[in-house]
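Protein chains: 2
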Amino acid sequence: MTTTPRIWKAALLVIGDEILSGRTQDKNIAQVASWLGVQGIRLAEVRVVADDTAAIVEAVNALRARNDYLFTTGGIGPTHDDITVDAVAEALGVEVVIHPEARAILERYYETRGGLNEARLRMARVPDGAELIPNRMSGAPGIQIGNVFLMAGVPSITAGMLDALTGALEGGLPLLSQTVGSWAAESEVADLLRETERAHDGCVIGSYPFFREGKVGANFVVRSVDAAKLEDCCEALVIGLRALGREAVPGGV
Amino acid sequence: MTTTPRIWKAALLVIGDEILSGRTQDKNIAQVASWLGVQGIRLAEVRVVADDTAAIVEAVNALRARNDYLFTTGGIGPTHDDITVDAVAEALGVEVVIHPEARAILERYYETRGGLNEARLRMARVPDGAELIPNRMSGAPGIQIGNVFLMAGVPSITAGMLDALTGALEGGLPLLSQTVGSWAAESEVADLLRETERAHDGCVIGSYPFFREGKVGANFVVRSVDAAKLEDCCEALVIGLRALGREAVPGGV
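Chains as they are written, first to last, in the working numbering: chain A, 1 to 253; chain B, 1 to 253.
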């Protein structure tokens, strides 16, 4: 008897005018996606919204309801445009309170940095009932409430918070992947890709074309939670490519 | 009498397992955002979904209804995982047809590249009623139907399609921005930022902290569609920072 392994799903909500204006190149999507993969959690969807309460509330409620976990990045700093805590509290229908441990952390952190002023104290505000996510980079902690995880927007600080959560969330089997590369144009091997995927249940093949050194080619990424199936599918793909007179480079080109 | 200028809004839907797996760092959000800004169109929201018909259909219908324009990137190539055209047609309730001009473009393009096979012909499929977006990079065109614009996922090809659309879409006043930088910690000038924004109607101030050369600092980005208001707000911010004994660097640090 085989049972289908449970798939754990997460969504990411990126909050910030700076991403939507094009000023800042987002780096958190790829970082969170890779980290989730290692935890055995699938990143199912991402949204980017402005520093706008209504937009954040709508996205939080849509995404937390249909995913096991919701992560947010951005908007938890000390300035007027940092409205994530208030918006998430509104979405959850809870009050915003000062978290005593967060306050203590900030008092220690700012003791030698000019003291805890009103703006800095904003970073101790959390939706009522929340726990803290340690931040070893810059004092102000991240926040967990229910299945919602509020993290900083600055990628190096986000990374530290993800690190603090490593191994702490329940997940399933990690999604494994292997790449087979070829200098073939993907449009010349499209049938092979479709048929190989169809013949290998539990495997998905993505085709990622490129144009490099004056030649077209593609990397074919096979994904599965089952290492043996993944191996079989990649082997079939390599054999299939070579049968078509195409080279096949395990690991990708 | 003053009238509030109409704001033109767009959404971007990024389609692709490779973004959600963390394999590929998205570059289209920033590129599309910057391009839209020049067209006088505000990027209001972004979603990233998997190569999954139901997810694409849901996002297309949500986003096209509440924005003036919807752009998609990814999933319009020749392989089995390229399902954007079918999903958008489903969302719009129209058939998928072969576009004769797209077919002719592909015939010419592949004449010296092995000919037009079945997989390549997939790239001539469009939702019924669509027009083409020229692609000077690689043959296969983008697709416009109603207020939905389907573009390639490979950033250099996306760029060529955006270029072809430059000046072709109705927009409003472009959102202007100016940056004032300071080596002040944002938490030390948070009150000034809030008050300056409040005193300058039509301007929004974003605060983007950084840690560099062992010191904290922040860039304050002021945005407005009105050049004179933008100028006034920046000037007030510079004066305010200096009154607090902080340096202020027009243009940012």
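Glycine included, C-beta positions come from ideal geometry on N, C-alpha and C.
Quantities reported herein were computed from a predicted structural model and do not represent experimental measurements.
Does H200 of chain A come within less than 8 Å of chain B when only Cβ atoms are used? no
Pick helix, strand or coil for W8 of chain B, following the three-state DSSP scheme. strand
Using a C-beta cutoff of 8 Å, does T255 of chain B count as contacting chain A? Residue coverage of chain B in this structure runs from 1 to 253, which leaves residue 255 of chain B outside it and unanswerable.
How many whole angstroms separate the CB atoms of R64 of chain A and V46 of chain B, which I take to be in contact at a CB cut-off of 8 Å? The Cβ separation is near 19 Å, so there is no contact.
Return the CA-CA distance between G139 of chain A and I133 of chain A, expressed in angstroms with no decimal places. 11 Å
Check M137 of chain A in the structure and name its three-state DSSP category. coil
Is it buried or exposed, D26 of chain A, if we count other Cβ atoms within 10 angstroms and call 16 or more buried? buried
Assuming N28 of chain B contacts T158 of chain B (C-beta within less than 8 Å), just tell me the rounded distance between them. 5 Å
Strictly under 8 Å for the Cβ-Cβ distance: is Q39 of chain B near chain A by that measure? no
Measuring only the C-alpha atoms, how far is R242 of chain B from A248 of chain B? 7 Å
When the distance is taken between beta carbons, is G252 of chain A closer than 8 Å to V189 of chain A? no
What does the Cβ neighbour count give for S187 of chain A, buried or exposed, with the cut at 16 atoms within 10 Å? buried
Does the Cβ of T196 of chain B have 16 or more other Cβ atoms within 10 Å, making it buried, or fewer, making it exposed? buried
So what's I41 of chain A in DSSP terms, helix, strand or just coil? strand
The beta strand (DSSP E) enclosing L176 of chain B, as first and last residue numbers: L176 to S182
What do you get for I239 of chain A, buried or exposed, if any count of 16 or more other CB atoms within 10 angstroms of its CB means buried? exposed
Own chain partners of L173 of chain B with C-beta closer than 6 Å, once the 5 adjacent residues on each side are dropped: P5, G40 and V225
For the beta strand (DSSP E) containing I83 of chain B, name the first residue and the last one. Per DSSP, I83 of chain B belongs to no beta strand (DSSP E) and is neither H nor E.
So the alpha helix (DSSP H) I239 of chain A belongs to, where does it begin and stop? A227 to A243
Alpha carbon to alpha carbon, how far is G245 of chain A from I19 of chain A? Give it in angstroms, no decimals. 45 Å
Contact list for the stretch 160 to 183 of chain A against chain B, Cβ threshold 9 Å: L175, S177 and T179
Status (buried if at least 16 other CB within 10 Å, exposed otherwise) for G206 of chain B: buried
Considering only the alpha carbon of each residue, which of B:N219, B:R136, B:A227 and B:I145 lies closest to L176 of chain B? B:A227
For G160 of chain B, report the span of its alpha helix (DSSP H) as first-last. P155 to L165
If we define contact as Cβ-Cβ less than 8 Å, is A87 of chain B a contact residue for chain A? no
Apart from the five residues just before and just after T53 of chain B, which ones in its own chain have a Cβ nearer than 8 Å to its Cβ? I83, D86, A87 and E90
Would G75 of chain B and G153 of chain B be called neighbours here (beta carbons separated by less than 8 Å)? yes
Closer than 8 Å at the beta carbon, the chain B residues around I19 of chain A: I29, A30, A33 and V46
So, for G16 of chain A: in the same chain, excluding its five sequence neighbours on each side, which residues have a beta-carbon less than 7 Å away from its beta-carbon? D51, G74, G75 and G153
Using a cut-off of 7 Å between C-beta atoms, extract the partners of V49 of chain A located in chain B. E45
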